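Data first, discussion second: the structure below is written as structure tokens.
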Amino acid sequence: MTMPDLDVVVDARQWPVDLAEPKRIGELWTMIEDAIRGRDLGDGPTLTLDHPDGAVRVGLVWSRLGGRPVVGPDTTFQIVNLMERPRIRYRCKECAAAGRTEYGAFTCRDCGSAERDNRLCDDHVRILDGALIATCAQHAPACAECGRAATFRCGGQRCQRRRAHCDSHRRAHPHDPDVSYCPECYDVQFPSCERPGCTNVGVARCEITDERHNACGARACGLHIRRWQVFGGERLGLGLCRRHAQALPGYPPDWLIEQIVAGACVRAATRRRDAEPLPSLRGFAHSLRRRGHEELALNFRWIHRTLGGLERAAGPYAQALQERRQGAGRYRTRKGWDAELGEIEIGEGRGRQLVERLRELVRWTLRRDGPAIAAALELADFNPAREVRGQMRPALLFVRLPEHYRGLFKAHSRQFAESLSAHEPGGVMIRIEGDMRGGRR
Ligand SMILES: [Zn+2]
Ligand SMILES: [Zn+2]
Ligand SMILES: [Zn+2]
Ligand SMILES: [Zn+2]
Ligand SMILES: [Zn+2]
Ligand SMILES: [Zn+2]
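Residue numbers (this note's numbering): 15 to 455.
Here it is in structure tokens:
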């Protein structure tokens, strides 16, 4: 066996081709041979071949040619060491198809596999805004709306980053330009205000329900939503859209009661932060009075009966109504409507006695018109004296009196109240029902 003329090392760490296959080494060596023929390897320890694809260095380790080792057509070589670039375990398949080797950090979600060479490099991977989902070019998603190339994935409720969309179907988050939604998800997330021309987000919704207990749901911004104060002046009233705010005055009184019940129950069921307990009988009375139903507002038995009818209809609110009526369940700490009605009826008895005494005072005090005024006086409502935050509030006696007698009566009403207070612990204040100038109603 003849010894080769030259022992060389080949440094191919810059060479872009993967040399895992022996055939590739053969190709490299052919390239080297063509380049070094006629060169004198004795000129320096290494020879650098500047090929357009990358430099290859050849170093002479041992020469058996003696003198000057010029490479001729018959010169034989032995490669004693081949230095390769570090072997890439995960290779980009797109780059490989173009004859290059590139590290592939990504796997296409749709065609990826555990295979090492089914990867994608930084240049060939497609990752859209909105989600770290990698795909190859073939599996890059199209816009769900128009089929053009998509640019982002929508994180909205409907899409949940599964669907992608193009730029003309992109709606930016109102406060965060880095977050985008498709038009449909945007409208769900940021519904527009119903008021034409208003660009605010419709944060509030109409809470009026139909016969099948479906809420209207029309959206309006905080500025344009209307409120129906049925839970007390400091609470957030039921939201009304424009249409239902206009319709409300035409609602019959029992339908108004049902709306208040429905509104409170829907809030409680959906665990809204503004959930309010069902009002007291007096609370319902107040809402009826403000809608112009003054007679029914004083008819607590009718209010109680109407609520009982809703309870028996066994709709979605029956349970809450039953608990509230009995002061049970969620309403344990509140007085039930049954107990409230009992107290109101006792109060009415007491109120009738006070009105009887008031008639005598009127007859005796207002000599000329006394008998006529006394005859016209009627009990409207009686709220017994009660303790509020440690302080005794006087009882309120509401009476009905025709308009033309009121002036004379009011001129003496303080004196009447003082006389009545002598018989009532906590004292009595007299109010004329429906009189705007002297009362809370
Ligand atoms: Zn690539
Ligand atoms: Zn793919
Ligand atoms: Zn599109
Ligand atoms: Zn969407
Ligand atoms: Zn608005
Ligand atoms: Zn509405």
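Virtual Cβ for every residue (Gly too), placed ideally from N, Cα, C.
Nothing here was measured: the structure is a model prediction, and the numbers come from that model.
Measuring CB to CB, does L55 end up less than 7 Å from P83?
-> yes
Work out the CA separation of I271 and D224 for me, nearest whole Å.
-> 13 Å
Throw me the rounded Cβ distance for the R162 and A151 pair, which I believe falls under 8 Å.
-> At roughly 15 Å, the Cβ-Cβ gap does not stay under 8 Å, so R162 and A151 are not in contact.
Measure the Cβ-Cβ separation of C230 and G216 and say whether it is below 7 Å.
-> no
Nearest-angstrom Cβ-Cβ length linking L42 and R53, presumed shorter than 8 Å = So it is not a contact: roughly 17 Å between Cβ atoms.
Using only alpha-carbon positions, find the residue among E198, T284, D124 that is nearest to E159.
-> E198
Under a Cβ-count criterion, where at least 16 other Cβ atoms within 10 Å of its own Cβ denotes burial, should E116 be classed as buried or exposed?
-> buried
Length of the line joining the Cα atoms of A388 and R373 | 5 Å
Ligand 2 heavy atoms versus the CB of D124: any closer than 6 Å?
-> yes
What does the shell around ligand 6 hold, if a residue joins when its beta-carbon is under 6 Å from any heavy atom?
-> C220, I222, C230, A232, C255, R257, H258
Any Cβ of chain C within less than 7 Å of the Cβ of V376?
-> This model lacks chain C altogether, as it is built from one protein chain only.
Along the chain, which unbroken stretches of the beta strand (DSSP E) at least 3 residues long are found entirely within the region 231 to 259?
-> 240 to 242, 252 to 254
Looking at L252 and R242, is the spacing between their C-beta atoms short of 7 Å?
-> Note that residue 242 is Trp in the sequence shown, not Arg. Closer than 7 Å, so yes.
Verify the contact flag: H153, CB atom, against every heavy atom of ligand 2, threshold strictly below 6 Å.
-> yes
Residues bridged to R219 [DSSP beta-bridge criterion] = R233
Could you work out which residue in G363, D383, G384, G404 is closest to D395 when comparing CA atoms only?
-> G363
Using DSSP bridges, identify the partner residues of Y195.
-> R185
Indicate whether H153 and E108 have their beta-carbon atoms separated by less than 7 Å.
-> no
R256 versus R219 - alpha carbon distance | 11 Å
In terms of residues, what are the limits of the alpha helix (DSSP H) holding H227?
-> Neither: H227 is in no alpha helix (DSSP H) and is coded neither H nor E.
Give the range of the alpha helix (DSSP H) segment to which W316 is assigned.
-> 314 to 326
If you measure from the CB of R172, is any heavy atom of ligand 4 nearer than 6 Å?
-> yes
Would you report the Cα separation of D21 and D143, rounded to the nearest angstrom?
-> 55 Å
Extent of the continuous beta strand (DSSP E) run through V72 | 68 to 77
Terminal residues of the beta strand (DSSP E) in which Q405 lies = 405 to 407
Ranges of the alpha helix (DSSP H) found wholly within the region 331 to 360, counting only runs of at least 4 = 332 to 340
Output the distance between the C-alpha atoms of R344 and A282, rounded to the nearest integer angstrom.
-> 10 Å
Closer than 6 Å: is that where the CB of C150 sits relative to any heavy atom of ligand 7?
-> By its list of ligands, the structure shown excludes ligand 7, since it contains just ligand 1, ligand 2, ligand 3, ligand 4, ligand 5 and ligand 6.
Quiz: which residues have CB nearer than 7 Å to ligand 3 non-hydrogen atoms = C157, E159, C160, R162, H179, C180, S182, H183
Just jot down, in chain order, the residues whose CB lies closer than 7 Å to any heavy atom of ligand 1.
-> C106, E108, C109, E116, G118, L134, C135, D137, H138
What does DSSP give as the partner residues of C106 in its beta bridges?
-> R133
Are the beta-carbon atoms belonging to L312 and E325 less than 7 Å from one another?
-> no
Could you check how far apart the C-beta atoms of I446 and R420 are, in whole angstroms? I think they sit under 8 Å.
-> 6 Å
Provide the residue(s) that pair with I46 in DSSP beta bridges, ordered along the chain.
-> None, per the DSSP bridge assignment.
For R241, verify whether its CB is less than 6 Å away from any heavy atom of ligand 5.
-> no
Run through DSSP, which three-state label would L411 get?
-> strand
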